[in-house]
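> Encoded as structure tokens, here's the structure I'll be asking about.
In the working numbering, the protein residues as written are 1059 to 1197.
Now the structure itself:
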């Protein structure tokens, strides 16, 4: 039986977004890391928000129209952040993905520090690997 812990399937290199970062820089960071969103950290590394591509769209359109970028991540980030722990079950995360909106969950330790992220594709990969393991033993 394969492990179904978040720590075994999470992205250990989530995009690093800081609250005072300009939104355009955050977008570049997300695009370079091929991630659709990431946790926002304060100066002490604690997770204080979440920024997704969706959150950035309106601001980027406005910036391109007015040709100025004055908005910071803290101005548009989501303050309600649903997080998971590394030792949570991937199946628990799957249930949260069904009932909640985020496509990505920040993974934090007990001190609130960002240690990774887990998205829908990683959850599906974990469940598929679990099912494949069961199928091969049954045959």
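All C-beta atoms, glycine included, are put in the ideal place defined by N, C-alpha and C. Please read all numbers here as calculations on a predicted model, not as lab measurements.
Label residue 1089 either buried or exposed according to how many other C-beta atoms from any shown protein chain fall within 10 Å of its C-beta, with 16 as the threshold for buried.
Here residue 1089 refers to the residue found at position 31 of the chain shown. It counts as exposed.
> Please state whether DSSP places residue 1187 in a helix, a strand or coil.
Position 129 of the chain shown, counted from the first residue, corresponds to residue 1187. Residue state, collapsed to three classes: helix.
> Which residue wins for smallest C-alpha separation from residue 1131, given the options 1149, 1109, 1183?
Numbered from its first residue, the chain shown carries residue 1131 at position 73. Among 1149, 1109, 1183, the Cα nearest to that of residue 1131 belongs to 1109.
> Given residue 1171, which residues of its chain have a CB within under 7 Å of its CB, disregarding the five upstream and five downstream residues?
Within the chain shown, the letter at position 113 stands for residue 1171. Around residue 1171: 1103, 1104.
> DSSP three-state call for residue 1181: helix, strand or coil?
Position 123 of the chain shown, counted from the first residue, corresponds to residue 1181. Helix, per DSSP.
> Can you tell me where the beta strand (DSSP E) with residue 1109 in it begins and where it stops?
Taking the first residue of the chain shown as position 1, residue 1109 is located at position 51. Looking at the DSSP string, the run of the beta strand (DSSP E) that includes residue 1109 is 1105-1110.
> What is the DSSP secondary structure of residue 1097, reduced to helix, strand or coil?
The residue you call residue 1097 lines up with position 39 of the chain shown. Strand, per DSSP.
> If you measure between the beta carbons of residue 1162 and residue 1175, is that distance less than 9 Å?
In the chain shown, residue 1162 corresponds to position 104, counting from 1. In the chain shown, residue 1175 corresponds to position 117, counting from 1. Yes, they are a contact pair.
> Below 8 Å on the Cβ atoms is my guess for residue 1151 versus residue 1064; work out the distance and round it to an integer in Å.
For this step, residue 1151 is matched to residue 93 along the chain shown. For this step, residue 1064 is matched to residue 6 along the chain shown. Right, the Cβ-Cβ distance comes to about 6 Å (below 8 Å), so this counts as a contact.
> Report buried or exposed for residue 1128, applying the criterion of at least 16 other Cβ atoms within 10 angstroms of its Cβ.
Against the chain shown, residue 1128 aligns to sequence position 70. Burial call: exposed.
> CB residue 1068 to CB residue 1144, shorter than 9 Å?
Along the chain shown, one-based indexing puts residue 1068 at 10. Along the chain shown, one-based indexing puts residue 1144 at 86. Yes, the pair counts as a contact, with Cβ atoms nearer than the cut-off.
> In the DSSP assignment, find the unbroken beta strand (DSSP E) run with residue 1148 in it and report its ends.
Against the chain shown, residue 1148 aligns to sequence position 90. First-last for residue 1148: 1148-1157, but that is the alpha helix (DSSP H), not the beta strand (DSSP E).
> By DSSP, does residue 1081 sit in helix, in strand, or in coil?
As a first step, residue 1081 must be located in the chain shown, where it is residue number 23. Helix, per DSSP.
> Quick one: what's got a C-beta closer than 7 Å to residue 1070's C-beta in the same chain, skipping five residues either side?
Sequence index remark: in the chain shown, residue 1070 carries index 12 (1-based). Once the five neighbours on either side are set aside, the close Cβ partners of residue 1070 are 1174.
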